[in-house]
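> Residue numbers (this note's numbering), protein chains in the order written: chain G, 1 to 217; chain Y, 218 to 434.
Backbone N, C-alpha and C define an ideal beta-carbon position, used for all residues, glycine too.
Here it is, the structure in full.
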DNA sequence: CCACCGATTGAACGGTCGTCTAGCTTTCTG
DNA sequence: CAGAAAGCTAGACGACCGTTCAATCGGTGG
């Protein structure tokens, strides 16, 4: 058991971390969190000030956890440390689930994380362009942003994807499977360039129609 | 004005449709919905039985609206009718916003829609494979599912994407911009095939490490 | 004109929720 | 070891929520 020797404060946060995404903020009561953490309701507010405070703490905790796991391996090459990876895979599911929920809610901390990831992505694109790996666009930030939402899509829609794949995509097996498929799609592409052109043209035509409609009314 | 001559029932549903995604189900009170629809709280429950009933009605309404707009143009070629497109663009924002929220919540109706879209996608892949446009995979359903979560990512993460692009991606301009970018990414791909291979290898190595770790403990 | 029926209201009820307070227990510290 | 500080609990309070209900309004068919 790992959760036995946790601080009461940590137990509360852990319980909240699991309950908020599944039941929603309104559906999660302070009493339920307290009961799940095996403490009194009063203690929850003693440690976190208010329910809102607890929510904000969870937001920050998750974002900072992700942030730590995202940068550490780059910093000191600890990607080769099995313990580190084991930690990622074992801790990840509740954290990822919360992150998805947090992003969908538009929580401030999650929004900040999104923006950081976007900056990182833009920077990587710039490097890749210099190396001639990808072609420059007239709208580099937008391309990076769209790519990011596509990559993060499965984090928010994990439930549906897990159902379709009959595997929890936040567990190790599903995670590697999804990652591999996504990398494949993003490397080779899927659509036919010819079909792309005609689709784009009909899209432009539709836009123009609507624009004219609006001007006339 | 279009909303003036709406039935009270329709006004309530419309108000709920806008409030649920922004304030959450717990944060949206029957009284607030009633006030926004300019009716009494009692009438809300008279028409929808309960708050839960109203929520379920909204879920179904949105899904059925999307379903209608998705199939109609294919059925009778009404894609050329400007009125139809104008309707899509003018109705879309609240509906799409609700859909994103609904998908993130894992609402039953949204889940059913997801599964339908997945089936459709699988079917399209099958046709495309016959025509030699895309290569077959050993995991066709999974590929279609991952693609679907990528495509739907922007619907759920519209807030962040809109912020990054400084445009409402549910409005006409943003919608066409995002669609074009996404089609481009999914057509040409982004990553370097060589880099893909090394990434995949390190991913496999990591997985193996974790697997060994777990077996030993 | 009356009887009826759905739409609609507004007040009221029971319940639960977030929060506060006073006090008890444990741990740290000088 | 005394006492302060922090951890923690039980109970209560006020607010607000979803829901109920009796009563009213407005139109429609007999």
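Have a look at G/41, G/17, G/103 and G/7 and flag the residue whose alpha-carbon is nearest the alpha-carbon of residue 376 of chain Y.
On the second chain, position 159 is the one that residue 376 of chain Y refers to. Residue 376 of chain Y has its Cα closest to that of G/103, out of G/41, G/17, G/103 and G/7.
> For a quick check, are the C-beta atoms of residue 241 of chain Y and residue 26 of chain G less than 8 Å apart?
Residue numbering aside, residue 241 of chain Y sits at position 24 when the second chain is read from its first letter. Residue numbering aside, residue 26 of chain G sits at position 26 when the first chain is read from its first letter. A contact, by the Cβ cut-off of 8 Å.
> If we define contact as Cβ-Cβ less than 8 Å, is residue 440 of chain Y a contact residue for chain G?
Only positions 218 to 434 of chain Y appear in this structure, which leaves residue 440 of chain Y out of reach.
> Do residue 237 of chain Y and residue 260 of chain Y have their C-beta atoms within less than 8 Å of each other?
Position 20 of the second chain holds residue 237 of chain Y. Position 43 of the second chain holds residue 260 of chain Y. Against a cut-off of 8 Å, the Cβ pair of residue 260 of chain Y and residue 237 of chain Y comes out as no contact.
> Please state the DSSP three-state secondary structure of residue 348 of chain Y.
For the purposes of this step, residue 348 of chain Y is taken as the residue at position 131 of the second chain. DSSP places residue 348 of chain Y in coil when its eight states are reduced to three.
> Nearest to residue 368 of chain Y by CA position, among G/101, G/139, G/114 and G/190, is which residue?
Counting from 1 along the second chain, the entry for residue 368 of chain Y is found at position 151. Comparing Cα-Cα distances from residue 368 of chain Y to each of G/101, G/139, G/114 and G/190, the minimum goes to G/190.
> Residues of the segment 402-431 of chain Y in Cβ contact with chain G at a cutoff of 8 Å, in chain order, please.
402, 403, 404, 405, 406, 407, 408, 409, 410, 412, 413, 416, 417, 419, 420, 421, 423, 424, 426, 427, 428, 429, 430 and 431
> If you check the beta carbons only, do residue 382 of chain Y and residue 142 of chain G fall under 8 Å apart?
As a working note, residue 382 of chain Y is residue 165 in the second chain. As a working note, residue 142 of chain G is residue 142 in the first chain. In contact: residue 382 of chain Y and residue 142 of chain G (Cβ atoms closer than 8 Å).
> Who are the Cβ neighbours of residue 276 of chain Y in its own chain at under 8 Å, not counting the five residues just before and after it?
For this step, residue 276 of chain Y is matched to residue 59 along the second chain. Excluding sequence neighbours, residue 276 of chain Y sits near 319, 324, 325, 326 and 327.
> Does any residue of chain G bring its CB to less than 8 Å from the CB of residue 394 of chain Y?
Residue numbering aside, residue 394 of chain Y sits at position 177 when the second chain is read from its first letter. With its beta carbon less than 8 Å from one in chain G, residue 394 of chain Y belongs to the interface.
> Could you name the residues of chain G that residue 360 of chain Y contacts, counting a contact when the two beta carbons are closer than 9 Å?
Counting from 1 along the second chain, the entry for residue 360 of chain Y is found at position 143. Per Cβ cutoff of 9 Å: 181, 184, 185 and 190.
> Between residue 17 of chain G and chain Y, is any beta-carbon pair separated by less than 8 Å?
Along the first chain, read from residue 1 onward, the residue named residue 17 of chain G stands at position 17. No, residue 17 of chain G lies away from the interface with chain Y (no Cβ there is under 8 Å from its Cβ).
> Compile a chain-ordered list of the residues in the segment 39-56 of chain G whose CB is closer than 9 Å to at least one CB of chain Y.
none
> Report yes if the CB atom of residue 310 of chain Y is closer than 8 Å to the CB atom of residue 388 of chain Y, and no otherwise.
Taking the first residue of the second chain as position 1, residue 310 of chain Y is located at position 93. Taking the first residue of the second chain as position 1, residue 388 of chain Y is located at position 171. Closer than 8 Å, so yes.
> Classify residue 171 of chain G as helix, strand or coil using the three-state DSSP reduction.
Translated into the one-based positions of the first chain, residue 171 of chain G becomes position 171. Three-state result, residue 171 of chain G: coil.
> Would the segment 180-189 of chain G count as touching the segment 390-400 of chain Y if we require 3 or more Cβ pairs under 8 Å?
no
> Is there a Cβ of chain Y sitting closer than 8 Å to that of residue 140 of chain G, yes or no?
On the first chain, position 140 is the one that residue 140 of chain G refers to. Not an interface residue.
> Shortest alpha-carbon distance to residue 7 of chain G belongs to which of G/29, G/173, G/65 and G/47?
Here residue 7 of chain G corresponds to residue number 7 of the first chain, with the count starting at 1. Of G/29, G/173, G/65 and G/47, the residue nearest in Cα terms is G/47.
> As a quick exercise: from Y/409, Y/357, Y/385 and Y/280, pick the residue whose alpha carbon is nearest that of residue 315 of chain Y.
If you number the second chain from 1, residue 315 of chain Y lands on position 98. Checking every option, the nearest Cα to that of residue 315 of chain Y belongs to Y/280.
> Taking only the alpha-carbon atoms, compute the straight-line gap between residue 136 of chain G and residue 120 of chain G and give it to the nearest angstrom.
Here the question's residue 136 of chain G lines up with position 136 in the first chain. Here the question's residue 120 of chain G lines up with position 120 in the first chain. Cα-Cα distance, rounded: 17 Å.
> My guess is that residue 373 of chain Y and residue 153 of chain G are in contact by the Cβ rule of under 8 Å, so how many angstroms apart are they, rounded?
Start at 1 with the first residue of the second chain, and residue 373 of chain Y comes out as number 156. Start at 1 with the first residue of the first chain, and residue 153 of chain G comes out as number 153. That belief holds up - the Cβ atoms of residue 373 of chain Y and residue 153 of chain G are roughly 7 Å apart, short of 8 Å.
> Along chain G, which residues have their Cβ under 7 Å away from the Cβ of residue 282 of chain Y?
As a working note, residue 282 of chain Y is residue 65 in the second chain. The contacting residues do not exist; residue 282 of chain Y stays about 18 Å from chain G at best.
> Grab me the residues of residue 219 of chain G's own chain with a C-beta within less than 7 Å of its C-beta, minus the 5 sequence neighbours each way, in chain order.
Only positions 1 to 217 of chain G appear in the structure, and residue 219 of chain G is not among them; the question remains open.
> Measure the alpha-carbon distance for residue 386 of chain Y versus residue 378 of chain Y and round it to whole angstroms.
Residue 386 of chain Y sits at position 169 when you count from the first residue of the second chain. Residue 378 of chain Y sits at position 161 when you count from the first residue of the second chain. Those two C-alpha atoms are separated by around 7 Å.
> Tell me where the alpha helix (DSSP H) around residue 147 of chain G begins and ends.
Position 147 of the first chain holds residue 147 of chain G. First-last of the alpha helix (DSSP H) with residue 147 of chain G: 140-156.
> What is the rounded straight-line gap between the Cα of residue 134 of chain G and the Cα of residue 410 of chain Y?
Taking the first chain and counting its residues from 1, the one referred to as residue 134 of chain G is at position 134. Taking the second chain and counting its residues from 1, the one referred to as residue 410 of chain Y is at position 193. Rounded to whole angstroms, residue 134 of chain G to residue 410 of chain Y spans 11 Å at the Cα level.
> Take the Cβ of residue 228 of chain Y as the centre, count every other Cβ of all protein chains shown within 10 Å, and call the residue buried at 16 or more, exposed below.
Walking along the second chain from the start, residue 228 of chain Y turns up at place 11. Flag for residue 228 of chain Y reads buried.
> Starting from residue 10 of chain G, follow the alpha helix (DSSP H) in both directions and report where the run begins and ends.
Mapped onto the first chain, residue 10 of chain G falls at position 10. From DSSP, the alpha helix (DSSP H) with residue 10 of chain G extends over 8-27.
> Does residue 408 of chain Y come out as helix, strand or coil in the three-state DSSP assignment?
Position 191 of the second chain, counted from the start, is the residue given in the question as residue 408 of chain Y. Coil.
> For residue 350 of chain Y, go through chain G and note every residue whose CB falls closer than 7 Å to its CB, in chain order.
In the second chain, counting from the first residue as 1, residue 350 of chain Y sits at position 133. The contacting residues are 192.
> Measure from the C-beta of residue 363 of chain Y to each C-beta in chain G and report whether the shortest distance is under 8 Å.
Walking along the second chain from the start, residue 363 of chain Y turns up at place 146. By this cut-off, residue 363 of chain Y is an interface position.
> Throw me the rounded Cβ distance for the residue 148 of chain G and residue 118 of chain G pair, which I believe falls under 8 Å.
In the first chain, counting from the first residue as 1, residue 148 of chain G sits at position 148. In the first chain, counting from the first residue as 1, residue 118 of chain G sits at position 118. Contact flag correct, Cβ pair sits at about 6 Å.
> Please report the residue range of the alpha helix (DSSP H) in which residue 252 of chain Y lies.
On the second chain, residue 252 of chain Y is found 35 positions in, with the first residue counted as 1. Note, residue 252 of chain Y: alpha helix (DSSP H), 247-254.
> Just verifying my parser: in three-state terms, what is the DSSP assignment at residue 383 of chain Y?
Counting from 1 along the second chain, the entry for residue 383 of chain Y is found at position 166. Note: residue 383 of chain Y maps to coil in three-state DSSP.
> Hey, is residue 371 of chain Y's beta-carbon within less than 8 Å of any beta-carbon in chain G?
Mapped onto the second chain, residue 371 of chain Y falls at position 154. Yes, residue 371 of chain Y lies at the interface with chain G (some Cβ there is under 8 Å from its Cβ).
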